[in-house]
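Chain order of the listed sequences is H and A.
Everything in the first sequence is counted per the working numbering, starting at 1 for the first residue and increasing by one.
Everything in the second sequence is counted per the working numbering, starting at 1001 for the first residue and increasing by one.
For each residue, glycine too, the CB sits at the ideal point set by N, CA and C.
To start, the structure itself, in C-alpha cells.
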Amino acid sequence: MSLYGLQKLLYELNRDEDLQARFRTDKETVLRKYTLTAEEYKAVQDEDIGLLYILGVNGQILMHFAAMCGLAWPEYIQALRDALKVHGNVRAGIYATTDGKGAI
Amino acid sequence: MSLVFAGICSHGPGITGRKDMADPEHVEGLYAAFDRMRRALEASRPDALVVIAAEHFANFFMNNMPAYCVGMAEDYHGPIEDPDWLGIPRTRFPGAPDLSTRIIQSLLNYIDVAYAQEWKFDHGISVPLHFLVPHANLPIVPVNINCQGPPLTPLHRAWAFGEALGRACADVTERVAVVATGGISHWPATPDSGKINEAWDREFLRRWEQNDKEQLLAYTDAETYADAGQGGFEIRTFIALAGATRNRPAKVHYYQPIPIFAVGCTIGMVDLGMVDSGTADSGTLDLPEVN
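Have a look at this one:
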C-alpha cells in the first residue's frame, strides 16, 4: 500500500501550488501526512527521481515532480537510466523499462 | 442534431514543450495538420466541443478512479503543468454545464459515468485545445476514460461508451463536435520514451479508418502492453470515437513517428457524410432500447 501513499503525495504536489510551497519550506511536515516506507520517504526527501521511478511511481506523475524539482527533460530521462544501472528494473506498476532505447 | 465533426489527435506534452528539440520538418508537418483539423472543426460551426481524453492524474487518482467521467463545470482551467515546461500558458475555457447535464443524463441510460463540476486540464486536453481552439472561445465538455490506473475499462465498453455518446449528441439541439485524443504505441515518461512501434500504429489506424469494430476490439491489454507500451492503453479514446461514429469511414490525414514527442503523431477525421444535416441513418446500434 505504501506505493499508493507515495504516488498520492506526488499527485497532490503536482496539482496544488500551496502544497508545493509548503513542501519547499517544510518538507518533513508534508511528508509525515503520507504513509511511506523509510526508503520512499528518503527518496522524496532527497528528490531522487531515479529511485522514485524504480519504486514504481507512474511516469505521468513522476515527470511532473521531476520538472518541479528543476530537471529538464533529458536530465529526467538520464536520471531514470542512471537509476536502472544502480537498482535494476522497476519494482512495481506499469512504467517498467523494456529496452531503454528511447529518443534521447 | 447529430455530430457535426469528429476527429482524433495526439496530445503528447513534447508536441508543445519540446518542439525546439524535434526535426523542424516534423514540427511544421504536424502543426500544419493540426491547423487543417482546426479549420475543418471551425467550418462545422460547432456550439460545443466534446474532448474524449485520457488524463494523467490531473483530477482522478486511485482513491476514487472513475472508468468514465464527464465534465459538467461552468469553466475549466489548465494546464496544471508548469506553463514553461509545457509551452502553453494557463488558460480558461468556458464549459457548457447545461449541455453536459443532458449528455450525462442520456449516457446514464447505458453507461454508469461519473460527472465532475471541477476539472483541471492537463496536457492531455490542453495540447489539443492549444491548436484546435486557440482563442479559448468554444465551450468544452471534457470526457475522461481511465487509461492510466489499472484495472482499466475493457475495450468493448469504450466502444459502447462511444455509441452512447453518439446517441446522446444526436438527441441534443446543439451542434456538437467530438475530438478523441490519445497515443497509439508509446512508452512515455520512461527510459524507453521515443520508442514507437510504427507497424502496430499503422495497423491500428487502418482498423480505425475502416471503423472495424471487431478488429478494433480484438486487442488484449497484455498484447497492447507488450507491443504498444503502457501508453497504448489510450487507444480506448480512439475506439470510443469510432463507436460514436459507427459505420462511418474515417481518414488519417497525418501520421509521423516523432521520437522526441514520444509518440507517432496522428491527426484523423471521420467522414460524417449526411450526419451534418441530421438526416443520416446512424445504423443499428448495439445499445439496448430505452424508454
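Rounded to the nearest whole angstrom, the C-alpha separation of Ala1170 of chain A and Ala1244 of chain A is 10 Å.
Judged by their CB atoms, Ile49 of chain H and Leu62 of chain H are nearer to each other than the 8 Å cut-off. Taking CB atoms only, Pro1066 of chain A has no neighbour in chain H less than 8 Å away.
Contact annotation for His1056 of chain A against chain H: Gln60 [CB-CB distance below 7 Å, chain order]. Within chain A, not a single residue places a beta-carbon under 9 Å from that of Asn89 of chain H; the smallest gap is close to 10 Å. Not a single C-beta of chain A is nearer than 8 Å to the C-beta of Arg24 of chain H. Among the residues of chain A, none has a CB under 7 Å from the CB of Tyr34 of chain H; the nearest is roughly 12 Å distant. With a threshold of 8 Å between beta carbons, Thr29 of chain H makes no contact with chain A. Interface with chain H (8 Å Cβ-Cβ cutoff): Gln1148 of chain A is included. Beta-bridge partners assigned by DSSP to Arg1202 of chain A: none are found.
Residue pairing by DSSP puts Asn1144 of chain A in a beta bridge opposite A:Ala1053 and A:Cys1069. In the three-state DSSP reduction, Leu51 of chain H falls in the helix class (H, G or I). About 5 Å separates the beta carbon of Val1050 of chain A from that of Val1141 of chain A, a gap short enough to meet the 8 Å contact definition.
The alpha helix (DSSP H) runs lying completely inside the region 1149-1189 of chain A and spanning 4 residues or more are 1155-1170, given in chain order. Any Cβ of chain H closer than 8 Å to the Cβ of Asn1144 of chain A would place that residue at the interface, and such an atom is absent.
Between the region 1005-1024 of chain A and the region 84-91 of chain H, the count of Cβ pairs shorter than 8 Å is below three; the stretches do not touch.
Its Cα nearest to that of Pro1151 of chain A, the residue A:Phe1061 stands out among A:Trp1200, A:Glu1214, A:Gly1078 and A:Phe1061. If you look at Gly1014 of chain A, you'll find it in the alpha helix (DSSP H) that goes Gly1014 to Gly1017. Going by beta carbons, Ala1054 of chain A and Thr1266 of chain A fall outside the 8 Å limit. Around the beta carbon of Val86 of chain H, fewer than 16 other beta carbons lie within 10 angstroms, which makes this residue exposed. In this structure, DSSP gives Arg1236 of chain A a helical state, which the three-state scheme calls helix.
Following the DSSP letters along the chain, one finds Val1270 of chain A inside the beta strand (DSSP E) bounded by residues Val1263 to Val1270.
In terms of Cβ geometry, Tyr95 of chain H and Gln1230 of chain A form a close pair [threshold 8 Å]. Taking a cut-off of 8 Å on C-beta distances, the region 1131-1138 of chain A does not touch the region 1065-1078 of chain A, as fewer than three cross pairs fall below it. Boundaries of the beta strand (DSSP E) around Ala1114 of chain A: Ala1114 to Ala1116. Counting of Cβ neighbours within 10 angstroms places Asn1063 of chain A among the exposed residues, the total staying below 16.
The region 1205-1218 of chain A makes contact with the region 1151-1164 of chain A, as at least three CB pairs between them are under 8 Å. The beta-carbon of Ser1010 of chain A is placed no less than 8 Å from the nearest beta-carbon of chain H. Chain-ordered listing is empty here: chain A has no CB closer than 7 Å to the CB of Ile49 of chain H, the nearest sitting near 11 Å. Within the same chain, Cβ atoms closer than 7 Å to the Cβ of Ile1196 of chain A are found at Ser1185, His1186, Pro1257, Pro1259, Val1263 and Gly1264, the five residues on either side in sequence being excluded. By the rule that beta-carbons nearer than 8 Å mark a contact, Lys85 of chain H does not touch chain A. Taking 8 Å as the threshold, the shortest C-beta distance from Ile54 of chain H to chain A does not fall below it.
The DSSP-derived three-state label of Ile94 of chain H is coil. Take the alpha-carbon of Gly1007 of chain A and the one of Pro1046 of chain A: they are about 13 Å apart.
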